[in-house]
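Numbering (the working numbering), first residue to last: 5 to 166.
Yeah, the Cβ is synthetic: ideal placement off N, Cα and C, and Gly gets one too.
Down below is the structure, laid out as structure tokens.
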Ligand SMILES: [Zn+2]
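In structure tokens:
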């Protein structure tokens, strides 16, 4: 019987792997990986939701329907599609602290990853802006040069006139 924290942690891993693969294949969407991890964690908890509604959220509208024991049993019968929920429930350890540590560790890693990703994007933008600035400078300079070339004959005529 694993604790909620362990189910969530295993779901986070599954969701994180799925979201990472998706962003690798699509070559975009890296910033959605933490959201994918959270969704995976919630998905892994689904079989336990009826119990949570029945025991902790009895005041919620629909709690009597959503908290049905038969629904809980049905969801547990499909257990393994919820990131190995049934296998985790079948083994004897609770893994409550392991689960919590894994969840905190994974969210910390994903924020470090996001910080790195944002920094890399910023550096790329700064490089592009510098390149554009350079092009604008060259354009100004060549405009100035062609302006000067056009002006030279005038100077000559001025001198002749003077
Ligand atoms: Zn369960």
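Should residue i be labelled buried (16 or more other beta-carbon atoms within 10 Å of its own) or exposed?
i           : result
residue 69  : exposed
residue 154 : exposed
residue 142 : exposed
residue 20  : buried
residue 10  : buried
residue 60  : exposed
Is residue i helix, strand or coil by DSSP?
i          : result
residue 69 : helix
residue 33 : coil
residue 12 : helix
residue 22 : helix
residue 6  : coil
residue 64 : coil
Excluding sequence positions up to five away, which residues of its chain have a Cβ less than 6 Å from the Cβ of residue i?
i          : result
residue 76 : 54, 55
residue 16 : 41, 44, 45, 110
Between residue i and the rest of its own chain, which residues show a CB-CB distance below 8 Å, the 5 nearest in sequence each way excluded?
i          : result
residue 73 : 54, 58
Give every residue of the same chain whose Cβ lies closer than 7 Å to the Cβ of residue i, excluding the five residues on either side of it in the sequence, and list them in chain order.
i           : result
residue 106 : 13
residue 24  : 37
Handout entry: alpha helix (DSSP H) segments (min. 4 residues) lying fully within the segment 77–118
Key = Those alpha helix (DSSP H) runs which fall completely within the segment 77–118 and span 4+ residues are 89–94.
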